Every structure is written in C-alpha cells, then in structure tokens.
Amino acid sequence: MCCFCPSCIDEDWENCSNLEYTGPWTLHNVHPRKPADVVDYVDAIGHGQGIPDQSDEGTIADLVEVGDFFAVEAEWPNDYSAEFWILQCTKPLHVLAHTTTDAYGETHEEGSSVLEGMWFQQFGKSPTCFVQYPSAPVSVVAAGQVIHVRFALQSTGVLKGSPSFKLSKDTLEAILDSLQRVQGI
C-alpha cells in the first residue's frame, strides 16, 4: 500500500492516518539480482556519453541485467511532468538490427544501443511512490538515457488495482544527483 498522508510520506507507516481504509500491509523488499559498485564503474569509464556504438567507452547501461531496476532521464516536456522514469529490465543492452518503433511511439534507428523494460509511473504527491502497470507494453530505451542502475524498490501492495512500490529517499536523492550530473547542473 502506498498512502500519501504526512506520516507515510515521512516513512512513519505505524502512524498512518488512513489505516481504517488501507488495512494491514506486509513488507516485501525487491532487490536487484547482483549488486554492483556503479560508482567505481562510472569512475572507470568516465561520465561521458559512453554509448558502445558511438565510442570505445562503456556505459552504465552495460550493468543492467534482466530483472534489474534502472532509471532513465525523461524527455521534457512529457505528459506526467516526470524528470526520470523507472523501468525493470526485460531485455539487457543490445544493438538493434533494424529500426524499431516501440508501443509508445519512440523510434530507435538501426545500430542503436538500447535496453527494454517495463516502466513504473510515479503516483500521487510522494516522489517516492510508484505503480507498475503489468498490462503496459514494453518500452525500448536508448542506452544513453540510463542515469542510475541496480537499486531496490520496496513493494507496498496494490493501489487502484496496480502493484505499488516505494523508492527509498536515499535512492531518490542518488537518482536526482545522477540526473543533475547528466544535465550538467
């Protein structure tokens, strides 16, 4: 369950003001398959545009495996005013054999390095609450958009029929820091 009362936003779930509506909850942690020292990896390859088909450098997208969570920079403007998207990898980094347009209308040219994944949408007023739409089509994402990889999302139940998850405040701060580095802010 993901509630947006002041207590839940401050991660003080025992004092939720909506318990009579939400009922009890069970804590489930969803962890990445293999933790990686991303900071050392990024330091080793540099913070540049290390997309395999454009340079000899690596990219943090190289670290993403099926099942891992990763964050990508959102193109602006977008319908949700999102700065970033969270996805769960369904197909790791690969080079397209032909030009592809995904279900969201994003076109990626032949030879582009991309990943595929199911996306999570930020929900409500809390910047740490996300929902997953299992029936949503897979998204194809350019490797250069990946800004943060291999973090955990905590399952919080079901919200309006969709699985809901909470991103830790530390992870949110790390993603926003990565976004600022990418944008040169």
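So in our numbering, spot 86 of the sequence shown is number 86, and the numbers just go up one at a time.
Where is the CB? At the ideal position from N, CA and C, for every residue including glycine.
All values reported here derive from a predicted model rather than from experimental measurement.
Asked, Found
"Strand pairing of cysteine 16, partner residues [DSSP]", "Paired residue(s): none; cysteine 16 is not in a bridge."
"Simplified DSSP state of cysteine 8, which is helix, strand or coil", "helix"
"Residue range of the unbroken alpha helix (DSSP H) whose run includes threonine 171", "169-183"
"Candidates Pro137, Cys129, Leu87: closest to phenylalanine 165 by CA position", "Cys129"
"Three-way DSSP call (helix, strand, coil) for glycine 157 in this model", "strand"
"Local conformation of glycine 124 per DSSP, three classes", "coil"
"Proximity to phenylalanine 151 [Cα-Cα], best of Asn15, Ile86, Leu115, Glu20", "Ile86"
"Residue span of the beta strand (DSSP E) that contains glutamine 132, given as start and end", "129-132"
"Close-in-space but distant-in-sequence residues of the same chain around threonine 90 (CB under 7 Å, 5 per side omitted)", "Val66, Glu116, Gly117, Met118, Val138"
"First through last residue of the beta strand (DSSP E) which encompasses alanine 74", "Segment: none, alanine 74 is in no beta strand (DSSP E) and carries neither H nor E."
"Nearest-angstrom Cα separation, counted from aspartate 68 out to phenylalanine 84", "16 Å"
"Assigned exposure category for glycine 199 - 16 Cβ within 10 Å defines buried", "Outside the shown range of the chain (1 to 185) lies residue 199, about which nothing can therefore be said."
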